[in-house]
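Chemist:
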Amino acid sequence: MPPPNDELVRKRTSADFVFGKVIGEGSFSTVYLAKDVHTSREFAIKVLEKRHIIREKKTEYVTREKKVLQILGSSCKYFVHLYYTFQDTDRLYFVLTYAKNGELLQQINKDGAFSLECTKYYAAELVLALEYLKLKGIVHRDLKPENVLFDENWHILIIDFGSAKILGEDKSSDEESQKRRKYSFVGTAQYVSPEILNDDESTCASDLWALGCIIYQMLTGQMPFRGPSEYLIFQKILKLDYEFPQGFDKVAKDLIEKFLVIAPSSRLGATDQVPYKSIREHEFFREINWDDLGPPPNFSAK
Ligand SMILES: Nc1ncnc2c1ncn2[C@@H]1O[C@H](COP(=O)(O)OP(=O)(O)OP(=O)(O)O)[C@@H](O)[C@H]1O
Ligand SMILES: O=C(O)[C@@H]1CCC(=O)N(CCc2ccc(Cl)cc2)[C@H]1c1ccccc1Cl
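Structure (structure tokens):
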């Protein structure tokens, strides 16, 4: 029996990587482009300062992200993969797939809006990604164009699982943590679903609400619920106060209206198992071959 390949089993440290430029900053993190010294493979390494996490009481957020990334594993290509984690006295390190082509948000803003063909393709990739999350019993809870990146082949890579929920995970029942959880706001105002605002149970249908917001934004370049303050945005969400521009594609409008429904269980797909059959069968996805989406379309193809 040959000895195990040292590189496969040895715990990594920061000495195994050459750290390059900063490719992003989070509230608690700095993300670097890095190269494995042994293989020259490129990774994104998310580095978190322990002092900052402790001061902001975000330890649970960090351990949750690691746990969710481990549950997701590597069998769905639409999620960033966690290769290694390690730590030193002051920092935690997450070695992740490097999403070479930036954020969906940047692409939408650069183009102003996507073509219908391009929107259908990326909406289909998002549907396949959400089917996998449902299969794994995970709710992302902060799905938005900033958290959808592109890999080197322009396929989506979803990141940022610190706010995610693991369904069926028994929550500590003590009063303190119940109170903390009740008032710990989750997500980003413009994409948050009504049930999260009403402090009701968030389920996979919460991610379907966000999907509706993202499809609207890909086609218009704007978020459906926008306003000068979070409070006013929340008001609009709870009153379903949004509108479609003149001449908006009717089939796309019908699909979005079926996701942006206040009652989570009434959203298109909410009562499906996996796959999201009623979403896949919607007219909007008529040209999609769900078994092979083919190569991504050229963005600027109008
Ligand atoms: N795997 C990756 N490949 C390329 N860029 C990445 C990757 N992960 C994160 N980034 C970039 O780094 C930035 C920070 O990401 P990170 O997930 O650490 O913080 P965040 O969770 O988005 O911030 P916050 O904690 O405020 O929500 C992101 O905006 C993204 O652009
Ligand atoms: O959850 C884990 O798998 C390990 C378990 C062992 C361990 O010590 N850590 C670090 C725990 C931790 C989390 C936050 C802070 Cl501020 C400090 C330590 C965890 C860890 C190590 C490296 C990178 C991330 C994490 Cl969460």
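Quick note on numbering: the sequence shown equals residues -1 to 300 in the working numbering. Note that the Cβ used here is the ideal one computed from N, Cα and C, for glycine as well. Keep in mind that this is a model prediction, so the values were computed, not measured.
(1) Taking a cut-off of 6 Å, which residues have a beta-carbon closer than that to any heavy atom of ligand 2, in chain order?
(2) Just how far apart, CA to CA, sit Ala121 and Arg8?
(3) Taking Lys44 and Phe15 to be in contact with their CB atoms under 8 Å, please state how far apart those CB atoms are, rounded to whole angstroms.
(4) I believe Lys234 touches Gly225 by the beta-carbon criterion, under 8 Å. Please report the beta-carbon distance rounded to the nearest angstrom.
(5) Buried or exposed for Pro143, please, with buried defined as at least 16 other CB atoms from any protein chain shown within 10 angstroms of its CB.
(6) By how many angstroms is the C-alpha of Ile156 removed from the C-alpha of Val78?
(7) Excluding the five sequence neighbours on either side, which residues of its own chain have a C-beta within less than 7 Å of the C-beta of Leu195, listed in chain order?
(8) Measuring straight from C-alpha to C-alpha, what distance separates Trp288 and Thr218?
(9) Classify Gln188: buried if its beta carbon has 16 or more other beta carbons within 10 angstroms, exposed otherwise.
(10) Following the continuous alpha helix (DSSP H) through Phe232, name the residue where it begins and the one where it ends.
(11) Measuring CB to CB, does Val249 end up less than 9 Å from Phe282?
(12) Under a three-way DSSP split, which group does Val249 fall into?
(13) In whole angstroms, give me the CA-to-CA distance for Leu206 and Leu46.
(14) Within this structure, are the beta carbons of Cys74 and Tyr130 separated by less than 9 Å?
(15) Tell me the DSSP secondary structure of Asp34 in three-state form.
Modeler: A quick look at the data gives this:
(1) Result: Lys48, Ile51, Ile52, Thr57, Val60, Thr61, Lys64, Thr83, Phe84, Gln85, Leu90.
(2) For Ala121 and Arg8, the gap between their C-alpha atoms comes out near 40 Å.
(3) Rounded, the Cβ-Cβ distance is 12 Å, inconsistent with contact.
(4) The Cβ separation is near 6 Å, so the contact holds.
(5) buried
(6) For the pair Val78 and Ile156, the Cα-to-Cα distance works out to about 6 Å.
(7) Phe232, Ile235, Leu236
(8) 25 Å
(9) Residue environment for Gln188: buried (at least 16 other C-beta atoms within 10 angstroms of its C-beta).
(10) 228 to 236
(11) yes
(12) helix
(13) 30 Å
(14) yes
(15) strand
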